[in-house]
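Q:
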Amino acid sequence: MKEIVWEGYICDLYDLSEYLRGEVKWDKVNKKKVRFLVDTGASKSIVLEDTISGLRTIEMGKTTAQGVCDKPTKFRVTLLGIAISLDDEIDASIHEVLVPIEEKVEQKLQELFTHTNTSAILGRLSMDSLEIRIHPKTLQPTKIPTLLL
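Put into C-alpha cells, the structure is as follows:
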C-alpha cells in the first residue's frame, strides 16, 4: 500500500492555545512545518525530540507502547499542537503525542522518516481531534462533519 503523506505543523502549545482563542494570528504561532506519515493503525501521533525542540510543550508523563519495535517500548507523553491546512484554513488542536525515549526506537523511526521523506507520524487520535479523515479517492485530508446525536 502506498504511503499517505500530508503536510502540516507541529506547534508551540501556548501559542496555538492563544490562536485557538482568537488572541493571535496564525503567523504569530511558533511552529515547525512537517510532513506527516499518516498511520490510522497508530493510535497516537509520534514525533522525535529534534522535531519539537524549541517549542513549548507540557510533559504528561511516560507510557509504554508497542508496534514500533519488537517489544513494548517507553515513550514520553507530551502535550503540544498539531495543525493541518485544509481548504485554505488552518485546522488545529492540542493533544497528546508520543516522543520516543529509547535510542533504538528513535533510530528506527528516523530510518522510517528518511525512507518516506517525513518527520512525524499522524495517528488516529490526532485525526479525530482535528476532525479529519482520509478522502477515499484523493487520499488527502477531508473534514468530518460534526454530528450531534
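First residue of the sequence shown? That's 4 in our numbering, and the numbers climb one at a time after it. All C-beta atoms, glycine included, are put in the ideal place defined by N, C-alpha and C. Please read these numbers as outputs of a predicted model, since none were measured by experiment.
Label residue 63 either buried or exposed according to how many other C-beta atoms from any shown protein chain fall within 10 Å of its C-beta, with 16 as the threshold for buried.
A: Residue mapping note: residue 63 aligns to position 60 of the sequence shown, counting from 1. Exposed.
Q: Rounded to the nearest angstrom, how far is the Cβ of residue 14 from that of residue 95, given a contact under 8 Å?
A: The residue you call residue 14 lines up with position 11 of the sequence shown. The residue you call residue 95 lines up with position 92 of the sequence shown. Right, their Cβ atoms sit about 7 Å apart.
Q: With a threshold of 7 Å on Cβ separation, who are the neighbours of residue 112 within its own chain once the five nearest residues in sequence on each side are excluded?
A: The residue you call residue 112 lines up with position 109 of the sequence shown. Hits under 7 Å: 49, 51, 71, 103.
Q: Do residue 134 and residue 149 come within 8 Å of each other at the CB atom, strictly closer than that value?
A: Here residue 149 refers to the residue found at position 146 of the sequence shown. Here residue 134 refers to the residue found at position 131 of the sequence shown. The answer is yes: Cβ separation under 8 Å.
Q: Taking buried to mean at least 16 other C-beta atoms within 10 Å of its own C-beta, is residue 43 buried or exposed?
A: Indexing the sequence shown from 1 puts residue 43 at position 40. Exposed, by the Cβ-count rule.
Q: Just to confirm the assignment, what range does the beta strand (DSSP E) spanning residue 136 have?
A: On the sequence shown, residue 136 is found 133 positions in, with the first residue counted as 1. Here the beta strand (DSSP E) through residue 136 covers 135-137.
Q: Alpha carbon to alpha carbon, how far is residue 130 from residue 76? Give it in angstroms, no decimals.
A: Within the sequence shown, the letter at position 73 stands for residue 76. Within the sequence shown, the letter at position 127 stands for residue 130. Using only the alpha carbons, I get a separation of about 23 Å.
Q: Quick check on residue 125: does DSSP put it in helix, strand or coil?
A: Residue 125 sits at position 122 when you count from the first residue of the sequence shown. The answer is strand: DSSP assigns residue 125 an E or B state.
Q: Starting from residue 89, trace the beta strand (DSSP E) both ways and give me its first and last residue.
A: Position 86 of the sequence shown holds residue 89. Element bounds for residue 89: 76-89.
Q: Out of 101, 109, 89, 38, state which residue places its alpha-carbon closest to the alpha-carbon of residue 45.
A: For the purposes of this step, residue 45 is taken as the residue at position 42 of the sequence shown. Of 101, 109, 89, 38, the residue nearest in Cα terms is 101.
Q: According to DSSP, is residue 20 part of a helix, a strand, or is it coil?
A: Looking up residue 20 in the sequence shown gives position 17. The answer is helix: DSSP assigns residue 20 an H, G or I state.
Q: Hey, quick one: how far does the beta strand (DSSP E) through residue 94 stretch, first residue to last?
A: The residue given as residue 94 occupies position 91 in the sequence shown. Per DSSP, residue 94 belongs to the beta strand (DSSP E) from 92-103.
Q: Closer than 7 Å: is that where the CB of residue 61 sits relative to any heavy atom of the ligand NAD?
A: The ligand content of the structure shown is nil, which means the ligand NAD is not present either.
Q: Where do the ends of the beta strand (DSSP E) carrying residue 119 lie?
A: In the sequence shown, residue 119 corresponds to position 116, counting from 1. Element bounds for residue 119: not the beta strand (DSSP E) but the alpha helix (DSSP H), 106-119.
Q: In the DSSP output, which residue or residues are listed as bridge partners for residue 13?
A: The residue you call residue 13 lines up with position 10 of the sequence shown. Per DSSP, 35, 85.
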